[in-house]
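Student: Please find one structure pasted underneath; my questions will follow.
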Amino acid sequence: MDLSYTEDHLLLQSSVRRYLHDRYPDSVRAQNAAMAGGFSDSTWRDFAELGWLMLPIRGRNGGLGGDPIDIYILLEAFGAALVIEPYIPCALLGARLIESLGDEKQRREALPLAMRGDALFAFAHDEERHLTGSTELTTTAHCEPDGSWRITGTKHMVTGAAAATRVLVSARTADGVRIFSVAKKTWGVATKLYRLIDDTWVGDIVLKDVHVGPHNLLSGGINTHEAILEALDFATAASCASMVGVMQFLLDYTATFVKQRKQFGASISSFQVIQHRLADMWTLLEEARGLTLRAFLETHAASPYRMSAVSAAKIKVGEAARFIAQQSVQLQGAMGTTAEAPIGAYFKNAMVFEVSFGNSAYHLSRHVAILGEQYSKATLALAAGQE
Amino acid sequence: MDLSFSAEELSFQREVRAFLKQNLLPSLRQSTRETTTFYPQHEVSREWHSILYHRGWAAPHWPVERGGTGWTTSQRVIWEAECALANAPVISPIGLSLVGPVLFRYGSLSQNAFYLPKILSGEHVWCQGFSEPGAGSDLASLSTRARRDGSDYVVSGSKIWTTLAQHATHMAALVRTGGGGPKQEGISFVAIDMALPGVVVRPILTMAGDHEFNQVFLDEVRVPVVNRIGEEGQGWAIAKHLLEYERGGDIASSRLRVALNDILALHIELSVPGDTLAARQMVSTLAIDIDALEMMELCWIFNSNINSKRAAIPSMLKLRASQLQQAVAELGLQVAGGQALRAREHNIGAAEGSKASFAAKYMNSRANTIFGGSSEIQRTLIFRQIDSPS
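Taken in sequence, the protein lines are chains A and B. Be aware that the first sequence starts at 1, since it is given in the working numbering, and climbs by one per residue. Be aware that the second sequence starts at 1, since it is given in the working numbering, and climbs by one per residue.
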């Protein structure tokens, strides 16, 4: 058991922070946000050059090993700088699905392109009515006699859709859920992009009888449903890591502000209520950080433990993010509510976090279900005389 | 970074489980589950302490040359977790975790030779004489006086909230030996034999009717100067060291998890229709908070470097552990229902006694956010670190 970063982790951390400090100030972020689809090809190429697109990919697929803690470190720093680039949807989620579900040929074709930044893959999964991770999809894919496929359906709020060159579409087939790699420009694919309140972009994708070849079906995996759950869990943990960075920024900014702000002849940081509020914010942040790390450390665990750890993190980070964002505004007084205030962007980022990868209510239901199952298993085991 | 145990650690875990299975009597386990106070009944403590002492495991955290076990951090974590899982009694830490470490650092050779073996064996039972009626959070304002007279201090005053003073053989007391100057500078740390003339212990019952706290009156008690630990006027520094050392060493999360599992089991057993989902959500919410506490505890104990600012963590741990103890007690009472509110004399038998204990646990748990540094004090301590350099 070990709860520390290695030297390599610390090196990665300082190099990411340095890049963001030097090359991703607010002005660059604003510039990138103003581009079509909120995507800067040049920033993405920087990521590729720095090897960050290779971090999530395993060594045997040409990547840097996929150490979950590397991803935690990267995303915590990204969150603090409010990086709007679609790292989680494309570099992480899209690439991971290709890794786990692509056959050798598909992996050999797609992954090097992804790692070089030449191709971006977005996972088109959520639909209006179904919950994250469920398989009650309305998007369907029918197999033609010649082995090709026809896909019809609508996907909602696909993150990374703006920047993506290809979308990985989940669809119900006669054999259960499968994933198809579809070029955005394919005839029958209509993408409507829109900006969210936090300057990230998502797309609604309508597929009308989209015709793709047999090689577009990701055919290397054994259980698509499990692979989807695992990839989504990892992306969820990653989004939690980003929020830890967001919360740390908000806490630091607010602590500095209250020290400087004077009312009634004193810094408002001398007032006990303000002090205790900050203490509560910081404590929640550390709880959120602990559970996020745990979610990363349980990435490879058996699925009930992994799912339970990820849901716990999502719930706790959600609670902490709401409290810290709200109290940051509160402690900054009227200025905190304005468009000008720097914390506004972080506040909005936290709002988007809540609804991404399943909201708190969804994850609580999931956690309850798993706890119930584990309890039943444990009681049965005890009854059978085992330990 | 890794949460799993190595092969050796798993083997140690098996050794600990086997030891507990063989030596932790069912009566002791049941007693732990029904304990409504912070510490169990004295006889239960004594019995378990004796069993541990004979195994050489009474003080795992002491230096090996003093009787410690030399375990790694992982082994200590495993030990705590297994004891919690098995419902082993919690032994009062005053002697083993407070006075012991103080003596290692500040005790004279003869003091250590006299006191340490008896702390280890459990022959001496210690209580902590710090708080006074007029000095709780503001401990430095304490006024129990120790007037020098020849080779003795003549001690007069009163200590309050003295846990287990009714069973103690000795008190670790902070007394005022100096006069004038800043209040912290006139304080000394003395060991008071509870059998000395002038020591009177008066029980204080909690609203649940439990006797854990006391008020101790010291009326011209002659305490030999040789029983002063450390220098005269060094008492405050010793107390500060001790409070910082004592903080953040516990793994409260293991015990919390066991308590929550018991509550879930009781809820399922009672099978109240219509309440199930809401109760399950409450259980999940608490389970998540306990998991968060566990991660923070592990990061502290393993000296994690993920955070450059660590000094606030022990206060966060105390704050959260005490809040969660209250939350678990609250949920337990909610699940146990109205039956738990019958007065003690109507609760006879193991099952009834177990359910009834939820009311007392709930009432007594309100003290957890008050003693050991109140939540308000902890928040102030946390805040003080916000400004500190990373």
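From the three backbone atoms N, C-alpha and C, an ideal C-beta is built for every residue, glycine too.
Name the two residues that bound the continuous beta strand (DSSP E) containing residue 218 of chain B.
Tutor: Counted from its first residue, the second sequence places residue 218 of chain B at position 218. Here the beta strand (DSSP E) through residue 218 of chain B covers 211-224.
Student: By Cβ distance, which residues of its chain are closer than 6 Å to residue 24 of chain B, with the 5 residues on each side in sequence left out?
Tutor: To locate residue 24 of chain B, count along the second sequence from 1; it is residue 24. Excluding positions up to five away in sequence, the list reads 86, 88.
Student: With distances taken Cα to Cα, identify the nearest neighbour of residue 299 of chain A among A:40, A:62, A:67.
Tutor: The residue you call residue 299 of chain A lines up with position 299 of the first sequence. Taking only the C-alpha atoms, the option nearest residue 299 of chain A is A:67.
Student: Looking at the strands, I want to know which residues DSSP matches up with residue 36 of chain A.
Tutor: Here the question's residue 36 of chain A lines up with position 36 in the first sequence. In the DSSP assignment, residue 36 of chain A forms no beta bridge with any residue.
Student: What does residue 294 of chain A touch in chain B if you count any residue whose Cβ is under 8 Å from its own?
Tutor: Within the first sequence, numbered from 1, the residue matching residue 294 of chain A stands at position 294. Near residue 294 of chain A (Cβ distances below 8 Å), the residues of chain B are 3, 291, 295.
Student: Straight-line CA distance for residue 75 of chain A to residue 239 of chain A?
Tutor: The residue you call residue 75 of chain A lines up with position 75 of the first sequence. The residue you call residue 239 of chain A lines up with position 239 of the first sequence. Roughly 8 Å separates the two Cα atoms.
Student: Spatial neighbours of residue 75 of chain B within its chain, please: C-beta separation below 6 Å, excluding the five flanking residues on both sides.
Tutor: Here residue 75 of chain B refers to the residue found at position 75 of the second sequence. Result list for residue 75 of chain B: 12, in chain order.
Student: Would you kindly work out how many angstroms separate the C-alpha atoms of residue 163 of chain A and residue 91 of chain A, rounded to a whole number?
Tutor: Translated into the one-based positions of the first sequence, residue 163 of chain A becomes position 163. Translated into the one-based positions of the first sequence, residue 91 of chain A becomes position 91. The alpha-carbon atoms of residue 163 of chain A and residue 91 of chain A are separated by roughly 11 Å.
Student: Quick check: what's the CA-CA separation for residue 338 of chain A versus residue 344 of chain A?
Tutor: Residue mapping note: residue 338 of chain A aligns to position 338 of the first sequence, counting from 1. Residue mapping note: residue 344 of chain A aligns to position 344 of the first sequence, counting from 1. Approximately 7 Å, taken between the alpha carbons.
Student: Cβ of residue 282 of chain A versus every heavy atom of the ligand GTP: is any distance shorter than 7 Å?
Tutor: For the structure depicted, the ligand GTP is absent and the ligand set is empty, with no information on it obtainable.
Student: Pair every Cβ in the stretch 381-388 of chain B with every Cβ in the stretch 276-286 of chain A, then say whether three or more of these pairs are closer than 8 Å.
Tutor: Yes, the stretch 381-388 of chain B touches the stretch 276-286 of chain A.
Student: Keeping to the same chain, check which residues put their C-beta closer than 7 Å to that of residue 62 of chain B; ignore five residues upstream and five downstream.
Tutor: Counted from its first residue, the second sequence places residue 62 of chain B at position 62. Once the five neighbours on either side are set aside, the close Cβ partners of residue 62 of chain B are 68, 100.
Student: Go through the stretch 26-82 of chain A residue by residue and report every complete run of the alpha helix (DSSP H) that reaches 4 residues or more, in order.
Tutor: 26-34, 41-49, 68-80
Student: In the DSSP assignment, find the alpha helix (DSSP H) that holds residue 318 of chain A and state where it starts and stops.
Tutor: Looking up residue 318 of chain A in the first sequence gives position 318. 303-331 is the extent of the alpha helix (DSSP H) around residue 318 of chain A.
Student: Residue 413 of chain A to residue 333 of chain A, Cα distance in whole Å?
Tutor: Summary: the structure shown does not reach residue 413 of chain A, with chain A confined to residues 1 through 387, and so no result is reported for it.
Student: Starting from residue 291 of chain A, find everything on chain B with Cβ-Cβ shorter than 8 Å and list it in chain order.
Tutor: Within the first sequence, residue 291 of chain A is the residue found at index 291, counting from 1. Neighbours of residue 291 of chain A on chain B, chain order: 288, 291, 292, 295.
Student: Checking contacts by CB at 8 Å: is residue 299 of chain B closer than that to chain A?
Tutor: The count along the second sequence starts at 1 and reaches residue 299 of chain B at position 299. Answer yes: the Cβ-Cβ gap between residue 299 of chain B and chain A drops below 8 Å somewhere.
Student: Can you grab the Cα-Cα spacing for the pair residue 252 of chain B / residue 227 of chain B, in whole Å?
Tutor: Against the second sequence, residue 252 of chain B aligns to sequence position 252. Against the second sequence, residue 227 of chain B aligns to sequence position 227. Taking the straight line from one Cα to the other gives about 33 Å.
Student: Between which two residues does the beta strand (DSSP E) holding residue 299 of chain B run?
Tutor: Residue numbering aside, residue 299 of chain B sits at position 299 when the second sequence is read from its first letter. Careful: residue 299 of chain B lies outside any beta strand (DSSP E), inside the alpha helix (DSSP H) at 276-301.
Student: Distance check for residue 117 of chain B and residue 123 of chain B, CA to CA, integer angstroms please.
Tutor: Along the second sequence, read from residue 1 onward, the residue named residue 123 of chain B stands at position 123. Along the second sequence, read from residue 1 onward, the residue named residue 117 of chain B stands at position 117. Rounded to the nearest angstrom, the two C-alpha atoms are 9 Å apart.
Student: If the cut is a Cβ gap below 9 Å, which residues of chain A does residue 312 of chain B touch?
Tutor: By 1-based counting over the second sequence, the position of residue 312 of chain B is 312. Correct list: 279, 282, 283, 286.
Student: If we cut at 8 Å on Cβ distances, does residue 3 of chain A have a partner in chain B?
Tutor: Residue 3 of chain A sits at position 3 when you count from the first residue of the first sequence. With 8 Å as the cut-off, residue 3 of chain A counts as an interface residue toward chain B.
Student: Within 8 Å (strictly less), CB to CB, does residue 12 of chain B reach chain A?
Tutor: Locating residue 12 of chain B in the second sequence gives position 12, counting from the first residue. It does not: the Cβ of residue 12 of chain B has no partner Cβ on chain A nearer than 8 Å.
Student: Within 8 Å (strictly less), CB to CB, does residue 312 of chain A reach chain B?
Tutor: Against the first sequence, residue 312 of chain A aligns to sequence position 312. Yes - at least one Cβ of chain B is within 8 Å of the one on residue 312 of chain A.
Student: Note the first and the last residue of the continuous beta strand (DSSP E) segment covering residue 153 of chain B.
Tutor: Numbered from its first residue, the second sequence carries residue 153 of chain B at position 153. Segment 152-160, the beta strand (DSSP E) holding residue 153 of chain B.
Student: Cβ of residue 281 of chain B less than 8 Å from any chain A Cβ?
Tutor: Position 281 of the second sequence, counted from the first residue, corresponds to residue 281 of chain B. Nearest CB-CB separation between residue 281 of chain B and chain A: below the 8 Å threshold.
Student: Can you tell me the Cα-Cα spacing of residue 213 of chain B and residue 153 of chain B, whole angstroms?
Tutor: Sequence index remark: in the second sequence, residue 213 of chain B carries index 213 (1-based). Sequence index remark: in the second sequence, residue 153 of chain B carries index 153 (1-based). Each residue's Cα considered, the two are about 26 Å apart.
Student: So which residues on chain B does residue 255 of chain A lean against when the C-beta distance must stay under 8 Å?
Tutor: Looking up residue 255 of chain A in the first sequence gives position 255. Those are 386, 387, listed as they occur along chain B.
Student: Could you check the C-alpha separation between residue 93 of chain B and residue 293 of chain A for me, to the nearest Å?
Tutor: What you label residue 93 of chain B is simply residue 93 of the second sequence in a count that begins at 1. What you label residue 293 of chain A is simply residue 293 of the first sequence in a count that begins at 1. Each residue's alpha carbon lies about 31 Å from the other.
Student: Per DSSP, which residues does residue 64 of chain B bridge with? Please list them.
Tutor: Residue numbering aside, residue 64 of chain B sits at position 64 when the second sequence is read from its first letter. Under the DSSP definition of a beta bridge, residue 64 of chain B lacks any partner.
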